[in-house]
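Enquirer:
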Amino acid sequence: MINKRPISIIDNEITSAPKVGNILLTKQQIKTRIKELADDISKDYPGKKPLLIGILKGAAIFLSDLAREIKADIEVDYMAVSSYGATTKTSGVVRILKDLDEDIQGRHVIIIEDIIDSGLTLSYLIKNLASRDPASLEICSLLRKKDTQKLSIDVKYQGFSIENIFVVGFGLDYQQEYRNLKDIRVLENARHNNGY
Numbered sequence: 001m002i003n004k005r006p007i008s009i010i011d012n013e014i015t016s017a018p019k020v021g022n023i024l025l026t027k028q029q030i031k032t033r034i035k036e037l038a039d040d041i042s043k044d045y046p047g048k049k050p051l052l053i054g055i056l057k058g059a060a061i062f063l064s065d066l067a068r069e070i071k072a073d074i075e076v077d078y079m080a081v082s083s084y085g086a087t088t089k090t091s092g093v094v095r096i097l098k099d100l101d102e103d104i105q106g107r108h109v110i111i112i113e114d115i116i117d118s119g120l121t122l123s124y125l126i127k128n129l130a131s132r133d134p135a136s137l138e139i140c141s142l143l144r145k146k147d148t149q150k151l152s153i154d155v156k157y158q159g160f161s162i163e164n165i166f167v168v169g170f171g172l173d174y175q176q177e178y179r180n181l182k183d184i185r186v187l188e189n190a191r192h193n194n195g196y
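Under UniProt numbering, the first residue of the sequence shown carries the number 1, and numbering increases by one thereafter.
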């Protein structure tokens, strides 16, 4: 029998191409948890008008849904950073591709992330934004991988803790694909090295 699945060559190894696998988190589970996170943020920032900073591109869908559920007045801005290329391996060097439009000095800031893996990119962002003298700086992440962080990062608002697997959907991608899936699914045969 001939294997009809596509193959790819990575690091001189022939492997099956990645494919979308089982649902890890349903759209209803995600929706329910986002509502809970939004309620927590609303309670923590009465009258403070926090600035939510979405990290593009992955956090855009999460931030959009989260912002609509927050009952407090908020503002939204975005940053784009890169430590990846066309692979799932981090280069280790973080570059700012799009900086903030807003000055954050004296503002209450919440960084909105799709997923925290090694924490290297997020650690860079925390240092960068803290140097701009915000009144407060907190983290909200939809996902956080267990036992993969190279740096200790305090995450005040965390959606779900997941195993060290590669996931796609709800903004999370593999080579710019699968962001539009409504559920979060496991990507099978994906080669990666904990670089988020």
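Cβ coordinates follow ideal geometry from the N, Cα and C atoms, glycine included.
Please check the pair R33 and F160, which I expect to be a contact at CB under 8 angstroms, by giving their CB distance rounded to whole angstroms.
Expert: Yes, they are in contact, since the Cβ atoms of R33 and F160 sit about 7 angstroms apart, within 8 angstroms.
Enquirer: Mind checking which residues open and close the alpha helix (DSSP H) that includes residue 198?
Expert: Not covered by the structure: residue 198. The range shown for the chain is 1 to 196.
Enquirer: Is DSSP giving I153 helix, strand or coil here?
Expert: Here I153 sits in coil by DSSP.
Enquirer: Suppose contacts are defined by Cβ-Cβ distances below 7 angstroms. Is D183 in contact with K57 by that definition?
Expert: Cβ distance not < 7 angstroms, so D183 and K57 don't count as in contact.
Enquirer: Are at least three pairs of beta-carbons, each pair with one atom in the stretch 147-157 and one in the stretch 170-180, less than 8 angstroms apart?
Expert: No: the two stretches stay apart, fewer than three of their Cβ pairs being nearer than 8 angstroms.
Enquirer: Considering only residues of the UniProt domain "Phosphoribosyltransferase" (24-175), which uninterrupted alpha helix (DSSP H) runs meet the minimum length of 4 residues and lie entirely inside it, listed in chain order?
Expert: Counting only runs of 4 or more, we get 27-44, 60-69, 120-130.
Enquirer: What three-state label does DSSP hand N189 in the structure shown?
Expert: DSSP places N189 in coil when its eight states are reduced to three.
Enquirer: Measuring CB atoms only, is the stretch 36-47 touching the stretch 91-107, in the sense that at least three cross pairs come out at less than 8 angstroms?
Expert: The stretch 36-47 is not in contact with the stretch 91-107.
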